[in-house]
Amino acid sequence: MLQGFGRSRREAEDDRAVGSRPGPAREARAVTAPAPAAMRSVRCPFCEAPFEVSIKAINGRCPKCTRPMRFEDAELNGLCNQNVTTMGTVRIGRKGVVRGRIECGALVVSGQLDGTIRINGCCIVQPRGVLRGEIAARSMMIERGASFEGSVEIGGKDAARPAA
Ligand SMILES: [Zn+2]
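Under this note's numbering, the first residue of the sequence shown carries the number 1475, and numbering increases by one thereafter.
So, in structure tokens, the structure goes:
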């Protein structure tokens, strides 16, 4: 009991030394509500409304148009034909050879992906990643050593809309 208390004390001091948070916040943890959960910024694919959900949320509804959607992250590996719709991050692993229609919040390609892809956020093709197809994204980053072949539309509706 005493030992346990001493240890948590020391942890709290370590935290203070690192300068992460002031001490009292740490001590309040046990008594009151947990620290605010990390949030994920998403944009509704139907009505374009931006909103935030907890990164732990798996599915839910758009607060504006109330349409249901998924928020979980997905990682695809191996050879597969797969269609994925989520407002979370889709990763194509190093060994992934994926063909399909993907709509997601963010895309990270480390393997091969061939398809029709709409990304409501950023598309990243990492070194040795191969991306082919019709891509629509808000932003795109092709790293050195990666390859991309196909068409790409960057910016989405916001960019295309004339200034009011
Ligand atoms: Zn909506």
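Note that beta-carbon positions come from the ideal geometry of N, C-alpha and C, so glycine has one too.
Coil, strand or helix - residue i by DSSP
| i | result |
| --- | --- |
| Pro1519 | coil |
| Thr1560 | coil |
| Ala1509 | coil |
| Asp1588 | strand |
| Asn1533 | strand |
| Ala1486 | Any reading at Ala1486 needs caution, since the residue's pLDDT is 48, under 50, leaving its predicted position unreliable; the model's value is listed next. Helix at Ala1486. |
| Asn1551 | coil |
| Glu1617 | coil |
| Pro1601 | coil |
| Phe1596 | The sequence given here places Cys at residue 1596; Phe does not occur at that position. DSSP places Cys1596 in strand when its eight states are reduced to three. |
| Ala1633 | Summary for Ala1633: the model assigns pLDDT 46, below 50, so the residue's position carries little reliability; its value from the coordinates is reported in the next sentence. Reduced to three states, the DSSP call for Ala1633 is helix. |
| Arg1541 | coil |
| Glu1627 | strand |
| Gly1607 | strand |
| Glu1577 | strand |
| Glu1651 | Past the edges of the chain, shown from 1475 to 1638, lies residue 1651, and the structure says nothing about it. |
| Arg1514 | strand |
| Arg1565 | strand |
6 Å CB neighbourhood of residue i in its chain, flanking five on each side removed
| i | result |
| --- | --- |
| Phe1520 | Cys1539, Arg1541 |
| Ser1625 | Glu1608 |
| Phe1525 | Pro1537 |
| Ala1637 | The pLDDT assigned to Ala1637 is 46, lower than 50, so where the model puts this residue is not dependable; a value taken from the coordinates is nonetheless given after this. Excluding residues within five positions, none has a Cβ falling inside 6 Å. |
| Gln1586 | Val1571, Val1604 |
| Met1561 | Val1516, Met1543, Phe1545, Gly1579 |
| Ile1598 | Val1582, Met1615 |
Beta-carbon separation (whole angstroms), residue i vs residue j, contact threshold 8 Å
| i | j | result |
| --- | --- | --- |
| Ile1576 | Asn1557 | 7 Å |
| Met1513 | Ser1528 | 6 Å |
Neighbour flag for residue i against chain D, beta carbons, 8 Å
| i | result |
| --- | --- |
| Arg1573 | Here there is only one protein chain, and chain D is not present. |
Beta-carbon proximity list for residue i, same chain, < 7 Å, skipping 5 on both sides
| i | result |
| --- | --- |
| Gly1595 | Gly1579, Ala1580, Arg1612 |
| Leu1553 | Val1571 |
| Asn1533 | Pro1542, Met1543, Arg1544, Phe1545 |
Distance cut-off 7 Å: residue i Cβ against heavy atoms of ligand 2
| i | result |
| --- | --- |
| Glu1623 | Because ligand 2 does not appear in the structure shown, any question about it cannot be addressed here, the ligands present being ligand 1. |
Exercise. Closer than 5 Å from C-beta to any heavy atom of ligand 1: which residues, in chain order?
Worked result: Put simply, the residues with a CB less than 5 Å from any heavy atom of ligand 1 are Cys1518, Phe1520, Cys1521, Ala1523, Cys1536, Lys1538, Cys1539, in chain order.
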